[in-house]
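Participant: 1849 is the number that this note's numbering gives the last residue of the sequence shown; the numbers go up by one with no jumps.
Where is the CB? At the ideal position from N, CA and C, for every residue including glycine.
The model shown is predicted, which means the values in this text are computed figures rather than measured ones.
The following block contains the structure, expressed as structure tokens.
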Amino acid sequence: MSSRTSEQIIRAVVGVQLSVVGGKKKRALTETIIKQREYNLRAKLPQIFRYAALGLLGVTILAVIVGFYRSRNTTPFKLKSEHTQLSTDVVAEVTGYERLETDNGLSKYYVKADYAKTFSDNHQELENAYFEIFDDAGNPADKLSAQKVLYVPEENKNFTAYMNGNVNIESRDGLKVKTNNITYSKSTETADADELVEFERENIRGKSVGATVKMGEKRLDLLKDVEIEAFDSPELIKSGIRYAKIKVASATYDQIANKIDLSNNVAIAIDSKSKSTGNAIKTDVTAGRASLFLSSEKTEQAKTSDVMSGAQLKQFEMFDNVHINSVEAGLSPTTIDAGYALFDKASDRYELKENVHIVTTSGGKATDIRSANAIYDQAALKIALTGGAEITQDTNYLKGDAVNADLFADKKLRYAVVNGNGLVRQTTTARTTFVTAPELNVTFNEQRQLAAANSIGQSTAQIIPTEAGEYSLVTINAPRAIHLLFKGEGLLEKMQTAGRTTIQLDVPNRDADAANKRVTADTVKTIFNASGKDIQRAEAVGNAELFVDPLRAAPENYKTTINAPRFDCEFFPTGNNAKTCVGGKKTKTVRVPTVAKADRGTQTLLADQLTANFSAQSKDVEQFEASGNTKFTELDRNAIAGQMSFSKSDETLRMRGGEPTAWDSRARAKAREIDWDTKNRKTYLRGGVSTTYYSRKAMGDSTPFAASDKPVFMTSDNAEFDHGSEVAVYTGNARGWQENNYVRGDRVTIQQSEGKFTAEGNVQSAVYNVKQKLKGKESTVPVFATSNTMTYERDKRIIQYRDNVDIRQGTDRLTSGFAEVYLNENNELSKTIAENSVVITQPGRRATGNWVQYTAADEKAIIRGNPASITDSVNGSSQAAEFSMMMRENRFVTEGKTKQNGSGRVRSTYKVNPDK
């Protein structure tokens, strides 16, 4: 306010007071008063301004409060575009308004209000209004109420109602809706709300921001920030104990289908109880979208009504990135992930699809389940997996096309049946054990440890060492079944098969003679030691076969196959390596060289029972022990005995008992003991040696006997054969013969390739004959000889006798220090040359000399000496340097000087008269 204005106000007030005074006094007084009051007013102006400002502020606050109060209690109608130009001309106002609209005698809708204002275009404004809508049959259907209603009539008995303030809807299907503002269309039987909406139907209630109530379609569309609660009974609703709470971006409640569709970022929280244990369970579910299915059953009180009562949440159907976290009181959580899930509340069962992943944890150890699809029955503690099913529980793993499993109460695996490409695997720090088969069943004990695994169909089991070291890789194949029993965490008790089974033992490839082993039989039973880590023994029954396969080819390494009706194998304490395998009855062993070599071939050993002992280092066969009707064969070489043993270290076959016999295509040998050194190709015979050479020709004609095609027999106490050099040595009372011809000695050596036959020590022989003419008749006379040694040389056809030689043919006898006998092609005597103290004796005659040559053709002996002498019992004696003695004519010719006449040559001829 300006000073000028203040002055005008003062002057106006003072002018009124001085209207009764006149003249100069009046003007002077007036001036004084004006000045005084002007001064006082100016002094009070700040105070006046403060009072004015406070008053203005109070009025402003009052206006705001009144406006807020009015706006809170009166929401402006949100009109459709066609209703924005309604009439403002009031034609009637009614208190306690009621109206029933009918059509051809059928009720359409009923309106009631505390106050009604009607306008010239027939629209109405109603206060505390109530609407009841009737169906096509004229029966009550839907009810609506609000504090304020803008009613706009339409054709065909339809209308639109704008409702504000405490709006309530109760549909014909028992749906109750509360909100503050809706637009209702009678023609579409639809109510639209864009503010907070609360709804309830039977055991379901919830809220959202914005909704569309389609009462004719019995459908509720919840538009934003939806929350839904599900209860198991009306009583639990009153108690506030809910079963599930759902949060979602938007939802649709289809009351006819009893279905609620949830869209975008679904979150469900469920409070339930385990049907198996009764424990409380809290479950949280998230998904991209979901559907809730409600039961359509009525309670006993509602069975005569059209309104559904007591309906409960029946199923959850969830889509897109489904994640479920369930925690039972006292237990660890279980999580489920899938692309799709259908949960049935009554059975407490999940139907899961698309990359199913279930994880349960107990005692710090997880059970991990994966498959394409699954049915998880929580109440029955069962789970069925299909499509690439996998279960991992601690160190145990199951896999197959389909798995049906029973669970413990803590959701751990109890029993499982695996179908299609089944696999069960157990892993420990020391090894991995697994079984594969078309069908498997697996059992876990109360400690949640693998107790048994059984396969059906073509099955394979493997025990794989973590570090090879001394351990073998064990592989078992069976066509019908494999049964494994466990006795603790990672501990095997036994393994048994059905059907033709193969056990493969693969050893570390470290040693030059390392060998894998394979056992095949109709059934195989494997027993593990007390530690449960290593095989203790194995039983292979029914057409059993043991195959030993060296890892490296070498002349000393053989591939060995042993066949028997049954094998019982003992294993080394560690390593899963066979120590001893006993086969019986009636076994066959075949050894095939890994490297071809002259005179070495496939070896076959037959026996009633065979024991194979394995090397702890190489894992190859170290020794064979065969008993009962044993027979060994290699190429054309054979042997039989009561017992045989074969050692790989010296590659010697030892034969004992039952008259051991060895033979080939040329000879047969017997002895009480025979050792056949297959490596060095030598044979040692001890005790009662007896050998039969099938013919002299088979011996390379190395014996001095006559017939080339007839057998030659040899006996001795002991013998040694060197097959490589073709040398046979007989010692101790050695004797060889063919028909009537023979040789005896302390030692006999036959050098077949060189064609030599040697006898040593106390030699006796009758190996050739000589033809004699006696009294005009020719006869064949055998020749007997003794000496310290005798040597026959095939190529020279010579027999040499040395030391103490004594040769007899008929009545003739020759002794000397050395004799050399020449034979013709018929093994008959051609000539004999003797040296050193030669003595020839005949009945009535005796000749001596240092050298003698006897010729069989003329039966003449030439005797030389210094001097040579001859004594005749009838005609006396004579000496000379040389005699020619006619063995069959009783005459001799003397040549050379005698002692009586050393100066000249003496030649005398005489004929003995046998009549004198």
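Would you kindly work out how many angstroms separate the C-alpha atoms of Arg1668 and Lys1710, rounded to a whole number?
Facilitator: In the sequence shown, residue 1668 corresponds to position 735, counting from 1. In the sequence shown, residue 1710 corresponds to position 777, counting from 1. Using only the alpha carbons, I get a separation of about 34 Å.
Participant: If you compare alpha carbons, which of Ile1436, Lys1420, Glu1400, Thr1361 is closest to Ala1394?
Facilitator: Here the question's residue 1394 lines up with position 461 in the sequence shown. Measuring from the Cα of Ala1394, the nearest candidate turns out to be Ile1436.
Participant: Give me, in chain order, the residues of the same chain whose beta-carbon lies closer than 7 Å to that of Thr1842; leave out the 5 immediate sequence neighbours on both sides.
Facilitator: Position 909 of the sequence shown holds residue 1842. Note that Thr1842 has pLDDT 43, beneath the 50 cutoff, so the model's placement of it is unreliable and the number below is only indicative. So the list reads Val1826, once near-sequence residues are dropped.
Participant: Take Thr1599 as the anchor and find which of Ala1079, Lys1041, Phe1646 has the nearest alpha-carbon.
Facilitator: Position 666 of the sequence shown holds residue 1599. It should be noted that the sequence gives Arg, not Thr, for residue 1599. Comparing C-alpha distances from Arg1599 to each of Ala1079, Lys1041, Phe1646 shows the shortest one belongs to Phe1646.
Participant: Distance check for Pro1441 and Gly1534, CA to CA, integer angstroms please.
Facilitator: Taking the sequence shown and counting its residues from 1, one reaches residue 1534 at position 601. Taking the sequence shown and counting its residues from 1, one reaches residue 1441 at position 508. Those two C-alpha atoms are separated by around 28 Å.
Participant: Based on DSSP bridge pairs, tell me the residues matched to Thr1185.
Facilitator: Translated into positions along the sequence shown, residue 1185 becomes position 252. Answer is Asp1154, Asp1194.
Participant: Ignore the nearest five residues each way along the sequence and tell me which others in Arg1778's own chain have a CB closer than 6 Å to its CB.
Facilitator: Reading the sequence shown from its first residue, position 845 is the one you call residue 1778. Only Asp1805 meet the Cβ criterion.
Participant: Is the beta carbon of Val1082 less than 8 Å from the beta carbon of Thr1093?
Facilitator: As a position in the sequence shown, residue 1082 is number 149, starting the count at 1. As a position in the sequence shown, residue 1093 is number 160, starting the count at 1. Not closer than 8 Å, so no.
Participant: Pop quiz: Asn1191 and Leu1169 are said to be a contact at Cβ under 8 Å. What is the actual Cβ separation, rounded to whole angstroms?
Facilitator: As a working mapping, residue 1191 is identified with position 258 in the sequence shown. As a working mapping, residue 1169 is identified with position 236 in the sequence shown. About 19 Å; that fails the 8 Å criterion.
Participant: Please report the distance separating the alpha-carbon of Asn1006 from that of Leu1225.
Facilitator: Here residue 1006 refers to the residue found at position 73 when the sequence shown is read from its first residue. Here residue 1225 refers to the residue found at position 292 when the sequence shown is read from its first residue. Residue placement at Asn1006 is flagged as unreliable, the pLDDT there being 42, under the threshold of 50; the coordinate-derived value follows with that caveat. Looking at the two C-alpha atoms, the distance is approximately 37 Å.
Participant: According to the Cβ coordinates, are Glu1162 and Arg1175 closer than 8 Å?
Facilitator: For the purposes of this step, residue 1162 is taken as the residue at position 229 of the sequence shown. For the purposes of this step, residue 1175 is taken as the residue at position 242 of the sequence shown. Result yes, Cβ atoms of Glu1162 and Arg1175 sit closer than 8 Å.
Participant: Could you please give me the residues that DSSP links to Tyr1755 through a beta bridge?
Facilitator: Reading the sequence shown from its first residue, position 822 is the one you call residue 1755. Answer by DSSP bridge pairing, in chain order: Ile1731, Lys1764.
Participant: Between the region 1345 to 1357 and the region 1367 to 1376, do at least 3 Cβ pairs fall closer than 8 Å?
Facilitator: yes
Participant: Would you call the region 1262 to 1282 and the region 1209 to 1220 touching, i.e. three or more CB-CB distances under 8 Å?
Facilitator: yes
Participant: Please work out which residues of its chain come closer than 6 Å, Cβ to Cβ, to Ile1137, disregarding the five sequence neighbours upstream and downstream, and give them in chain order.
Facilitator: Here residue 1137 corresponds to residue number 204 of the sequence shown, with the count starting at 1. Ala1163, listed in sequence order.
Participant: Given that a residue counts as buried once 16 or more other Cβ atoms are within 10 Å of its Cβ, and exposed if not, what is Ser1551?
Facilitator: Walking along the sequence shown from the start, residue 1551 turns up at place 618. Buried.
Participant: Over what stretch of residues does the alpha helix (DSSP H) that includes Ser1172 continue unbroken?
Facilitator: Taking the first residue of the sequence shown as 1, we reach residue 1172 at position 239. Here the alpha helix (DSSP H) through Ser1172 covers 1167 to 1172.
Participant: Report the residue from Arg1347, Val1351, Thr1520 whose alpha carbon sits nearest the alpha carbon of Asp1339.
Facilitator: In the sequence shown, residue 1339 corresponds to position 406, counting from 1. Comparing Cα positions, the closest option is Arg1347.
Participant: Just to confirm before moving on: does the CB-CB distance between Ala1780 and Val1738 stay below 8 Å?
Facilitator: Within the sequence shown, residue 1780 is the residue found at index 847, counting from 1. Within the sequence shown, residue 1738 is the residue found at index 805, counting from 1. Cβ distance not < 8 Å, so Ala1780 and Val1738 don't count as in contact.
Participant: CA-CA distance, Asn1378 and Lys1420?
Facilitator: Residue 1378 sits at position 445 when you count from the first residue of the sequence shown. Residue 1420 sits at position 487 when you count from the first residue of the sequence shown. Going by C-alpha positions, Asn1378 is about 9 Å away from Lys1420.
Participant: For the putative contact between Val1714 and Gln1742, defined by C-beta atoms under 8 Å, what is the C-beta separation to the nearest angstrom?
Facilitator: Along the sequence shown, one-based indexing puts residue 1714 at 781. Along the sequence shown, one-based indexing puts residue 1742 at 809. A Cβ-Cβ separation of about 5 Å places Val1714 in contact with Gln1742 under the 8 Å criterion.
Participant: Quick one: what does DSSP say Ala1814 is sitting in, helix, strand or coil?
Facilitator: Here residue 1814 corresponds to residue number 881 of the sequence shown, with the count starting at 1. Here Ala1814 sits in strand by DSSP.
Participant: Using only the alpha-carbon positions, how far apart do Asp1239 and Ala1335 sit?
Facilitator: Residue numbering aside, residue 1239 sits at position 306 when the sequence shown is read from its first letter. Residue numbering aside, residue 1335 sits at position 402 when the sequence shown is read from its first letter. Unreliable positioning characterises Asp1239 in this predicted model, as indicated by a pLDDT of 43, which lies under 50. The coordinate reading is nonetheless provided below. When rounded, the distance between both Cα atoms is 46 Å.
Participant: Would Met1428 be called buried (16 or more neighbouring beta carbons within 10 Å of its own) or exposed?
Facilitator: Position 495 of the sequence shown, counting from 1, holds the residue named residue 1428. By the neighbour-count rule (16 or more Cβ atoms within 10 Å), Met1428 is buried.
Participant: In this structure, how does DSSP classify Ala1631 when only helix, strand and coil are distinguished?
Facilitator: For the purposes of this step, residue 1631 is taken as residue 698 along the sequence shown, with counting starting at 1. Assignment of Ala1631 by DSSP, reduced to helix, strand and coil, places it in the helix class.
Participant: Going along the chain, which residues of its own chain have a beta-carbon closer than 8 Å to the beta-carbon of Glu1792, five neighbours each way excluded?
Facilitator: On the sequence shown, residue 1792 is found 859 positions in, with the first residue counted as 1. Closer than 8 Å at the Cβ level, and outside the excluded window around Glu1792, lie Gln1705, Lys1706, Met1819, Met1820, Arg1821.
Participant: Ignoring anything shorter than 3 residues, give me the beta strand (DSSP E) runs that lie fully in the region 1648 to 1704, in order along the chain.
Facilitator: 1660 to 1671, 1674 to 1684
Participant: Do the CB positions of Phe1654 and Thr1616 come within less than 8 Å of each other?
Facilitator: Here residue 1654 refers to the residue found at position 721 when the sequence shown is read from its first residue. Here residue 1616 refers to the residue found at position 683 when the sequence shown is read from its first residue. Judged by beta-carbon spacing, Thr1616 lies within the 8 Å limit of Phe1654, meaning their Cβ atoms are closer than that value.
Participant: Can you tell me the Cα-Cα spacing of Leu1195 and Ser1183, whole angstroms?
Facilitator: Within the sequence shown, residue 1195 is the residue found at index 262, counting from 1. Within the sequence shown, residue 1183 is the residue found at index 250, counting from 1. Approximately 6 Å between the Cα atoms of the pair.
Participant: Spatial neighbours of Ala1661 within its chain, please: C-beta separation below 6 Å, excluding the five flanking residues on both sides.
Facilitator: Locating residue 1661 in the sequence shown gives position 728, where the first residue counts as 1. For Ala1661, same chain residues with a beta-carbon under 6 Å away, outside a window of 5 residues either side, are Phe1654, Ile1683 in chain order.
Participant: Between Gln1380 and Val1515, what straight-line distance do the alpha-carbon atoms span, to the nearest angstrom?
Facilitator: In the sequence shown, counting from the first residue as 1, residue 1380 sits at position 447. In the sequence shown, counting from the first residue as 1, residue 1515 sits at position 582. The alpha-carbon atoms of Gln1380 and Val1515 are separated by roughly 38 Å.
Participant: I need the DSSP call for Ser1014, collapsed to helix, strand or coil.
Facilitator: For the purposes of this step, residue 1014 is identified with residue 81 of the sequence shown, where counting begins at 1. Helix, per DSSP.
Participant: Would you please state the rounded distance, in angstroms, between the beta carbons of Lys1045 and Ala1062? I believe it to be under 8 Å.
Facilitator: In the sequence shown, the residue the question calls residue 1045 occupies position 112. In the sequence shown, the residue the question calls residue 1062 occupies position 129. 7 Å between Cβ atoms; contact.
Participant: With DSSP as the reference, label Leu987 as helix, strand or coil.
Facilitator: In the sequence shown, residue 987 corresponds to position 54, counting from 1. Helix, per DSSP.
Participant: Here's a check: name, in chain order, each residue in its chain whose Cβ is nearer than 6 Å to the Cβ of Lys1119, leaving out the five neighbours to either side.
Facilitator: Here residue 1119 refers to the residue found at position 186 of the sequence shown. Cβ within range, chain order: Asn1091, Phe1092.
Participant: Taking the beta carbon of Asn1037 as the centre, do at least 16 other beta carbons fall within 10 Å, making it buried, or is it exposed?
Facilitator: Position 104 of the sequence shown holds residue 1037. Asn1037 is exposed by the Cβ-count criterion.
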